[in-house]
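Trainee:
Residue numbers (my numbering), protein chains in the order written: chain X, 921 to 1082; chain Y, 284 to 1017.
Structural data, given as structure tokens:
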């Protein structure tokens, strides 16, 4: 089917089976490899992107559900060389180990802060609990999110998010 | 005699599963060094490349899988080269003899050996290149080299004012010859080693730009998925090829050695076509075991065969006869999957006379063998391009996923990326072996007088040698590949080092006990196994440190004091034990509903003591806090040490609380994170990591955090409930 959607602010049109998960459209059709495949069942969160301002598991979101929608991926979170405050915090705190889950972690955190610029520790933990990290970077994730939460930049710079 | 044996064990303990013969091989292409005028590149050695544009590249021969080699090893060479680590661009190494891990004679990343084996060679390489640059500058200025110094990528004139960038000097430096030994910088002059600095790959990994195996993209690339036998050892009898070939986007359906590959223009189309694939499996050679059968076979083997003696001191039999009491326990541990977050994948492209492979692999030279096996190529015709790894934990030491991709590419003759689903990754893993331990301890008047440990289970080299042995002899003809493996195993202990994978962590039993009897009953039920973060230490740690706790309880002593008295002769053990007890305030009362457990365990040369504070909440085990003291010798990057120890603790807790792969009639019953769960953010305990300040040679940190946390948690649950759990995973309602 013909599919049109807005990805990181750009209108994209392609012809693809409507049941193809958004993940594979982003990665293989649009070349946005920052979003990762982890489980294919919405259990690990590595594939988290924003669809119309909500965090979704792109591995289990058929692209037909995103038609006409606004998608933001990790690549759309930064503004060129100017990174999102969370990305800066991730670097500052040295969060990533293998790094494979971190795009999804950052997208979950970005959604949290966009809607709740000063979350409590409990709210951060609750928002981040759907994202698995096999290396065990959880404490640095919390520290990085807390360093941004409540600061002026926490709600800003949401890329093309509607 | 006994003393010699123990000293030997200490030396070899870091070489978990060290492999085969130490022989320098003819016929391997080495790395070309020297200056290349056309490109302005100077390679002083196999590690560094400096250019006239003032760039510095470092060839990273230990892959980056989250354990921090990208930053840590770059820091080592930067320190002596006298340039900021951030100005160096690491590149993943091709296969070459220079890049072999000297402990294994293979180019592999494992055994927590990266810093330990790179510590001297990389600093030396940096120092030699720096010296050549300094000599070149001195020649230009007509001053003495000894009066010049290097700093932040420049050589500084004796006047302290003039300086020259390395890039301006590379052509001249290439002509310099360093004579004699160069003294490495003393600890007091280090600028980067041991200092808190950022991770060099953090930016790429926070912006989605780091390239993992699964991200490799080639022109004209297609996608492959593979259906493998649901029971190990099954063969393909027949399948509905024509029907699947007619599905949208399908380019081919091909049988490979153990399965059927569907190749399509898009990944999702390959998956949908795979759903329509019907395979008639031949299970005549297949495994039909269930988990209970595995443990029954272990118990039968243990009854039949006391096992090979791995360490014997004094007489355990006399100790039993003379003591007042013998305590016995049997521990059982399940198969465990690796569950790297990046599922297995590899991309291969067969050109007719050679093959290019891109893969997240811990052992690229074994990957060449794997690809050669299933093609008409020799290993030298296969190029392995290593990417970032989305987790390794030992899984990517075995090259089955490269072998499959190579077999598919050989048939398809265009670039193909084979991606495993999570379900396939879980069910077709090679597991941490299930193990059984039989323990006996003799007590006499509250003193521990005898220690007996019978380890029952398989050895990993039996499985691993298949591609590892040929990788050590890449010139050997392919028909010899399987023979090389068996020769290696037959000559174990004579021509080749012994396989310690089943006994490591048991034979180094550190406590002062006069009568020790440690044995291994070797039995293998035929379920594929491989290295898993901390390997034999992962199960022996639980056996040794749980039994020490049982004995302390039986002797009516505090578990901390009991251990402390028996370890007073081992200063580094004693230090971490005392530090952790102090930090965790061991003697203080615990909040209502909680209890503490302790474990002390050395692995990969690193000393670790941990105290776990745990309870039971809403019918589930809850870990509140883990306090850990670690002595890993000289620290290269404190943040990475903390990360690795904390990560190891969470990895161990995941195993302790959830880790269990079970079999039913030969089929693995778990598939994805709902039935093979990983610890989540909300369950994370507070972790305190205390690092001993030490100038001893550095030892590994990637694995040593894992083993002690499992018994420490079990010991805490015993303190809480009074019920001893002797099999894993641990339960709230045991």
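For each residue, glycine too, the CB sits at the ideal point set by N, CA and C. It should be emphasised that the depicted structure is a prediction, and the values quoted were computed from it without experimental measurement.
Interface residues of chain X around residue 704 (chain Y) at Cβ under 7 Å?
Mentor: Here residue 704 (chain Y) corresponds to residue number 421 of the second chain, with the count starting at 1. Near residue 704 (chain Y) (Cβ distances below 7 Å), the residues of chain X are 960.
Trainee: Given a cut-off of 9 Å, decide if residue 785 (chain Y) and residue 740 (chain Y) are closer than it, judged by their beta-carbon atoms.
Mentor: Here residue 740 (chain Y) corresponds to residue number 457 of the second chain, with the count starting at 1. Here residue 785 (chain Y) corresponds to residue number 502 of the second chain, with the count starting at 1. Yes; because the gap between Cβ atoms is below 9 Å, this pair is in contact.
Trainee: Looking only at its chain, what residues have a beta carbon closer than 8 Å to the beta carbon of residue 672 (chain Y), apart from the 5 residues adjacent to it on each side?
Mentor: The residue labelled residue 672 (chain Y) in the question sits at position 389 within the second chain. Excluding sequence neighbours, residue 672 (chain Y) sits near 346, 347, 348, 349, 495, 496, 623, 625, 643, 644, 645, 679.
Trainee: Inspect the CB distances between the region 994–1006 of chain Y and the region 894–901 of chain Y and report whether three or more fall short of 8 Å.
Mentor: Touching, per the Cβ criterion.
Trainee: Pull up the DSSP beta-bridge partners for residue 905 (chain Y), would you.
Mentor: Stepping through the second chain from its first residue, residue 905 (chain Y) is reached at position 622. Y:898, per the DSSP bridge assignment.
Trainee: Spatial neighbours of residue 747 (chain Y) within its chain, please: CB distance less than 6 Å, with the 5 preceding and 5 following residues excluded, ordered by chain position.
Mentor: For the purposes of this step, residue 747 (chain Y) is taken as the residue at position 464 of the second chain. Same-chain partners within the cutoff: there are none.
Trainee: Is any heavy atom of the ligand FAD found at a distance shorter than 8 Å from the C-beta of residue 973 (chain X)?
Mentor: In terms of ligand content, the structure shown is empty, and the ligand FAD therefore cannot be addressed.
Trainee: Please list, in chain order, all residues of the same chain as residue 568 (chain Y) whose beta carbon is under 8 Å from its beta carbon, the five residues on each side excluded.
Mentor: Here residue 568 (chain Y) refers to the residue found at position 285 of the second chain. So the qualifying residues of the chain are 516, 517, 518.
Trainee: So is residue 762 (chain Y) buried or exposed if we call it buried at 16+ other beta carbons inside 10 Å?
Mentor: Within the second chain, numbered from 1, the residue matching residue 762 (chain Y) stands at position 479. Looking at its Cβ environment, which holds fewer than 16 other Cβ atoms inside 10 Å, residue 762 (chain Y) is exposed.
Trainee: How close, in whole Å, do the beta carbons of residue 1006 (chain X) and residue 1064 (chain X) come, if the pair is a contact with beta carbons under 8 Å?
Mentor: Counting from one through the first chain, the residue named residue 1006 (chain X) turns up at place 86. Counting from one through the first chain, the residue named residue 1064 (chain X) turns up at place 144. Correct: roughly 7 Å between the Cβ atoms.
Trainee: Taking the Cβ atom as the reference point for each residue, do residue 698 (chain Y) and residue 692 (chain Y) lie within a distance shorter than 9 Å?
Mentor: As a working mapping, residue 698 (chain Y) is identified with position 415 in the second chain. As a working mapping, residue 692 (chain Y) is identified with position 409 in the second chain. Yes, Cβ-Cβ distance for residue 698 (chain Y) and residue 692 (chain Y) is below 9 Å.
Trainee: Out of Y:855, Y:851, Y:828, state which residue places its alpha-carbon closest to the alpha-carbon of residue 842 (chain Y).
Mentor: The sequence position of residue 842 (chain Y) within the second chain is 559, counting from 1. Minimum Cα distance to residue 842 (chain Y) is reached at Y:828.
Trainee: Just confirm the distance between the C-beta atoms of residue 977 (chain X) and residue 962 (chain X), as a whole number of angstroms; I'd bet it's less than 8 Å.
Mentor: For the purposes of this step, residue 977 (chain X) is identified with residue 57 of the first chain, where counting begins at 1. For the purposes of this step, residue 962 (chain X) is identified with residue 42 of the first chain, where counting begins at 1. Yes, residue 977 (chain X) and residue 962 (chain X) are in contact; Cβ-Cβ is about 4 Å, under 8 Å.
Trainee: Specify the secondary structure class of residue 970 (chain Y) as computed by DSSP and reduced to three states.
Mentor: In the second chain, the residue the question calls residue 970 (chain Y) occupies position 687. In the structure shown, residue 970 (chain Y) sits in a strand (DSSP, three-state: E or B).
Trainee: Can you tell which of X:1034, X:1021, X:992 has the C-alpha that lies nearest to the C-alpha of residue 929 (chain X)?
Mentor: In the first chain, the residue the question calls residue 929 (chain X) occupies position 9. Cα-wise, what sits closest to residue 929 (chain X) is X:992.
Trainee: Do residue 1015 (chain Y) and residue 893 (chain Y) have their beta-carbon atoms positioned less than 9 Å apart in this structure?
Mentor: Looking up residue 893 (chain Y) in the second chain gives position 610. Looking up residue 1015 (chain Y) in the second chain gives position 732. Taking 9 Å as the Cβ cut-off, residue 893 (chain Y) and residue 1015 (chain Y) do not qualify as a contacting pair.
Trainee: Going by the beta-carbon positions, is the gap between residue 976 (chain Y) and residue 895 (chain Y) smaller than 9 Å?
Mentor: Indexing the second chain from 1 puts residue 976 (chain Y) at position 693. Indexing the second chain from 1 puts residue 895 (chain Y) at position 612. For residue 976 (chain Y) and residue 895 (chain Y), no; Cβs fall outside 9 Å.
Trainee: Kindly indicate if chain X contains any beta-carbon less than 9 Å away from that of residue 551 (chain Y).
Mentor: On the second chain, position 268 is the one that residue 551 (chain Y) refers to. Chain X contact via Cβ: present.
Trainee: Spell out whether any CB of chain X is found under 9 Å from the CB atom of residue 624 (chain Y).
Mentor: Taking the first residue of the second chain as position 1, residue 624 (chain Y) is located at position 341. Taking Cβ atoms only, chain X reaches closer than 9 Å to residue 624 (chain Y), which makes this a yes.
Trainee: Using the three-state DSSP reduction, which class does residue 521 (chain Y) fall into: helix, strand or coil?
Mentor: On the second chain, residue 521 (chain Y) is found 238 positions in, with the first residue counted as 1. Strand at residue 521 (chain Y).
Trainee: Does any residue of chain Y have a CB that is nearer than 9 Å to the CB of residue 921 (chain X)?
Mentor: Indexing the first chain from 1 puts residue 921 (chain X) at position 1. So, not an interface residue.
Trainee: What residue range does the beta strand (DSSP E) around residue 800 (chain Y) cover?
Mentor: Position 517 of the second chain, counted from the start, is the residue given in the question as residue 800 (chain Y). Residue 800 (chain Y) -> beta strand (DSSP E) spans 798–805.
Trainee: Say whether chain Y places a C-beta atom closer than 9 Å to the C-beta of residue 1043 (chain X).
Mentor: The residue labelled residue 1043 (chain X) in the question sits at position 123 within the first chain. No, no contact with chain Y.
Trainee: By Cβ distance below 8 Å, which residues in the same chain neighbour residue 355 (chain Y) in space, the five residues on each side in sequence not counted?
Mentor: On the second chain, position 72 is the one that residue 355 (chain Y) refers to. For residue 355 (chain Y), where only same-chain residues beyond five positions count, the Cβ hits under 8 Å are 397, 398, 919, 920, 923.
Trainee: From residue 358 (chain Y) to residue 475 (chain Y), what does the alpha carbon distance come to, in whole angstroms?
Mentor: The residue labelled residue 358 (chain Y) in the question sits at position 75 within the second chain. The residue labelled residue 475 (chain Y) in the question sits at position 192 within the second chain. Distance between the alpha carbons of residue 358 (chain Y) and residue 475 (chain Y): 6 Å.
Trainee: Checking contacts by CB at 9 Å: is residue 975 (chain X) closer than that to chain Y?
Mentor: Here residue 975 (chain X) is taken as the residue at index 55 of the first chain, counted from 1. No - not a single Cβ of chain Y is within 9 Å of the one on residue 975 (chain X).
Trainee: Do the region 478–492 of chain Y and the region 1006–1022 of chain X meet, that is, are 3 or more Cβ pairs less than 8 Å apart?
Mentor: Yes, since at least three Cβ pairs between the region 478–492 of chain Y and the region 1006–1022 of chain X fall closer than 8 Å, the two stretches touch.
Trainee: Hey, out of X:934, X:1032, X:939, X:956, whose CA is closest to residue 950 (chain X)'s CA?
Mentor: On the first chain, position 30 is the one that residue 950 (chain X) refers to. Measuring from the Cα of residue 950 (chain X), the nearest candidate turns out to be X:934.
Trainee: Closer than 7 Å between beta carbons: that is the criterion. Which residues of the region 911–929 of chain Y meet it against chain X?
Mentor: Flagged, chain order: 922, 926, 929.
Trainee: Name, in chain order, the residues that DSSP records as bridge partners for residue 633 (chain Y).
Mentor: Working through the second chain from its first residue, we reach residue 633 (chain Y) at position 350. Y:638, per the DSSP bridge assignment.
Trainee: For the region 809–832 of chain Y, enumerate the residues whose C-beta is nearer than 7 Å to any C-beta of chain X, in chain order.
Mentor: Listed in sequence order: no entries.
Trainee: Judging by CA-CA distance, which residue of Y:372, Y:548, Y:612, Y:768 is the nearest neighbour of residue 744 (chain Y)?
Mentor: Counting from 1 along the second chain, the entry for residue 744 (chain Y) is found at position 461. When only C-alpha atoms are compared, the closest one is Y:768.
Trainee: Of all the residues that make up the region 667–700 of chain Y, which are near chain X by a beta-carbon distance shorter than 9 Å?
Mentor: Of all residues in the region 667–700 of chain Y, 671, 672, 673, 674, 675, 676 have a Cβ within less than 9 Å of some Cβ in chain X.
Trainee: Tell me the DSSP secondary structure of residue 832 (chain Y) in three-state form.
Mentor: Within the second chain, residue 832 (chain Y) is the residue found at index 549, counting from 1. Of the three classes helix, strand and coil, the one that applies to residue 832 (chain Y) here is helix, per DSSP.
Trainee: Along the beta strand (DSSP E) that carries residue 1007 (chain X), what are the first and last residues, could you check?
Mentor: Your numbering for residue 1007 (chain X) matches position 87 in the first chain. From DSSP, residue 1007 (chain X) is part of no beta strand (DSSP E) but of the alpha helix (DSSP H) over 1005–1012.
Trainee: Cβ of residue 962 (chain Y) less than 9 Å from any chain X Cβ?
Mentor: Within the second chain, numbered from 1, the residue matching residue 962 (chain Y) stands at position 679. At least one chain X Cβ lies under 9 Å of residue 962 (chain Y).
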